[in-house]
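Step one of this worksheet: look at the structure below.
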Amino acid sequence: MKQICVIGVGYVGLVTAACFADLGNRVCALDVDDKRVENLKKGVMPIYEPGLEELVKRNTKSGRLSFTTSYSDGLAGAEFAFIAVGTPSGIDGNLIIINKSTVPIGTGDWVADIVKSAQPKPIDFAVVSCPEFLREGSAIADFMGPHRNVIGSLERDAADKVAQLHLPLRSPIVITDLRTAEMIKYASNAFLATKISFINELADLCELVGADVKEVAAGMGYDARIGRYFLDAGLGWGGSCFPKDVQALAYMAKERGLNPRILNDVMDVNYDRRKLVSKQVEKLLGGNVKGKTVGMLGLAFKENTDDMRDAPSVDISNALVAAGAKVRGYDPVARVTAAPLMPAVEIFDDVYKMAEGCDALIVVTQWNEFKQLDLEKIKELLKTPVIYDGRNIYDPNLMREMGFTYQAIGRGNHKK
Ligand code: UGA
């Protein structure tokens, strides 16, 4: 059993703290937000993440996981301090400071300098970069079954100790220097975002040449050099990670005199997709959405989360409202987080009530419950049976057989 302090109980910090506690370590999670810490002590989660509440409650009850707002309490006796936001101060003893947050390359060295210069008496410490690769909505499964763990530090002893912490996960472990570890995180996210923008660009061509992008992705994906993951065409990427990481990487390149052409295009392709939606819905509704009612199926940036950061639903609803449409929205969990971001949108807590009287529906988020909707009922409730499937979750032939005016993304062969 190791003693660990996790600084910052946002999404990454909380998952890290709960999972390391579940692996049998003693973890104290620290945050400066009193309310958040008080709530966590009572078992109230600050975010929606499947399985997290149960994990936090179980490990709090067993005494392996605790929460505090005090740095001295949190760091007392800790051998490892994970930074999942901000920077710690006032540490004492032997400590390995591990950076989990995605931070500009060079931050690890900067943290080491700060800790060094802020010590009243010199202490033995090392800084290690250990970027997280968790996806919202499946963070616990990703933590417990990682593709790899990356550990960046030239101090072999510290890197080995952090590697030991991850041994129960039985994942490949990459040990490298601080800056390379930080770059691996950015490069991974930017590459995944590139895959998505690539398939979205191809989707438009598929549409025009009469091919089906879903089958193209499946056919490409069997080649292990390409891989099937992150080739789902649709409304593109949003969230708290890809947008800021691709932008940050492009900025770092530009700042150093480079021209990050690919990264810039990856962003343009992604955001153009959102702009297209209202125009395409307009076309489906006979050239005008003025006075028409359009319902959004899903508001969160992806399924299984209530996170609304850079969610396509915000841009799509803004464009529709600007064009004169009345916009409605439904999401299984993101209704509360979405409401302040879209004051002009009427948010429903029942998908069928939302559909009633709509001129068109747009699938914005690929929640499982939308895949199994009672489409006959939906058809009857809609004023006109128009569906724009922004996540390609339905079968185009079936939808047309059922009498829907149906448009998906990049599925040109179903148009004949
Ligand atoms: C992403 C990475 O996948 C994680 O590895 C990383 O740890 C995390 O960022 C982070 O940096 O913290 P996340 O943003 O939570 O995770 O979710 P993803 O599953 O990667 O989805 C990102 C966006 O891409 C979503 O909007 C999703 O709808 C979209 N997407 C994903 C597609 O449009 N097509 C796909 O094929 C896959």
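Position one of the sequence shown corresponds to residue 10 (the working numbering), numbered consecutively onward. We put the beta carbon where it would ideally sit given N, CA and C, even for glycine.
Separation of residue j from residue i, as counted between CA atoms
{"i": "E224", "j": "N268", "result": "34 Å"}
{"i": "G300", "j": "A334", "result": "5 Å"}
{"i": "C28", "j": "F142", "result": "14 Å"}
{"i": "N198", "j": "F251", "result": "6 Å"}
{"i": "I208", "j": "Y238", "result": "11 Å"}
{"i": "A259", "j": "I114", "result": "12 Å"}
{"i": "H175", "j": "F89", "result": "12 Å"}
{"i": "G33", "j": "M10", "result": "6 Å"}
{"i": "V120", "j": "I184", "result": "19 Å"}
{"i": "P140", "j": "N108", "result": "7 Å"}
{"i": "L201", "j": "Y339", "result": "28 Å"}
{"i": "M408", "j": "Y415", "result": "6 Å"}
{"i": "H156", "j": "P181", "result": "7 Å"}
{"i": "D221", "j": "Y231", "result": "16 Å"}
{"i": "L240", "j": "I402", "result": "14 Å"}
{"i": "I16", "j": "V36", "result": "11 Å"}
{"i": "D319", "j": "G248", "result": "5 Å"}
{"i": "D169", "j": "R179", "result": "15 Å"}
{"i": "E145", "j": "E58", "result": "7 Å"}
{"i": "A347", "j": "G236", "result": "33 Å"}
{"i": "N48", "j": "A167", "result": "34 Å"}
{"i": "Y20", "j": "A233", "result": "32 Å"}
{"i": "D358", "j": "V46", "result": "29 Å"}
{"i": "N158", "j": "V218", "result": "42 Å"}
Top-ranked residue by Cα proximity to residue i, from the options
{"i": "P55", "options": "V18, I160, R283", "result": "V18"}
{"i": "V426", "options": "K70, F76, I106, R344", "result": "Given a span of 10 to 425 for the chain in the structure shown, any question on residue 426 remains unanswerable."}
{"i": "I13", "options": "T346, I92, K66", "result": "I92"}
{"i": "D398", "options": "D82, G307, I205", "result": "G307"}
{"i": "Y195", "options": "A320, F379, T111, D133", "result": "T111"}
{"i": "R190", "options": "D118, R144, L211, F152", "result": "What sits at residue 190 in the sequence shown is Ala, not Arg. Of the listed residues, the one whose Cα sits closest to A190 is D118."}
{"i": "K386", "options": "G366, I371, D404, R400", "result": "G366"}
{"i": "M276", "options": "L104, V345, S206, L350", "result": "S206"}
{"i": "M153", "options": "P129, N103, Y80, L64", "result": "L64"}
{"i": "M192", "options": "K125, L74, N279, A262", "result": "A262"}
{"i": "V360", "options": "K292, V342, M351", "result": "V342"}
Reduced DSSP secondary structure (H/G/I, E/B, other) of residue i
{"i": "F134", "result": "strand"}
{"i": "F413", "result": "coil"}
{"i": "R35", "result": "strand"}
{"i": "Y20", "result": "helix"}
{"i": "I107", "result": "strand"}
{"i": "C428", "result": "Any answer about residue 428 is impossible in this case: the structure gives the chain only from 10 up to 425."}
{"i": "F152", "result": "helix"}
{"i": "A27", "result": "helix"}
{"i": "M305", "result": "strand"}
{"i": "Y231", "result": "coil"}
{"i": "D358", "result": "coil"}
{"i": "C215", "result": "helix"}
{"i": "V53", "result": "coil"}
{"i": "Q375", "result": "coil"}
{"i": "Y195", "result": "helix"}
{"i": "A90", "result": "strand"}
Proximity of residue i and residue j at Cβ, strictly below 8 Å
{"i": "V137", "j": "I123", "result": "no"}
{"i": "V336", "j": "M317", "result": "no"}
{"i": "R283", "j": "L329", "result": "no"}
{"i": "V373", "j": "I325", "result": "yes"}
{"i": "E312", "j": "N377", "result": "yes"}
{"i": "V286", "j": "V298", "result": "no"}
{"i": "A353", "j": "L294", "result": "no"}
{"i": "F413", "j": "P394", "result": "yes"}
{"i": "D186", "j": "L163", "result": "yes"}
{"i": "V323", "j": "I149", "result": "no"}
{"i": "A417", "j": "L390", "result": "no"}
{"i": "K44", "j": "F76", "result": "no"}
{"i": "N68", "j": "L61", "result": "no"}
{"i": "E210", "j": "G421", "result": "no"}
Cβ-heavy atom distance, residue i to ligand 3, below 7 Å
{"i": "I182", "result": "Ligand 3 is absent from the structure shown, which contains only ligand 1."}
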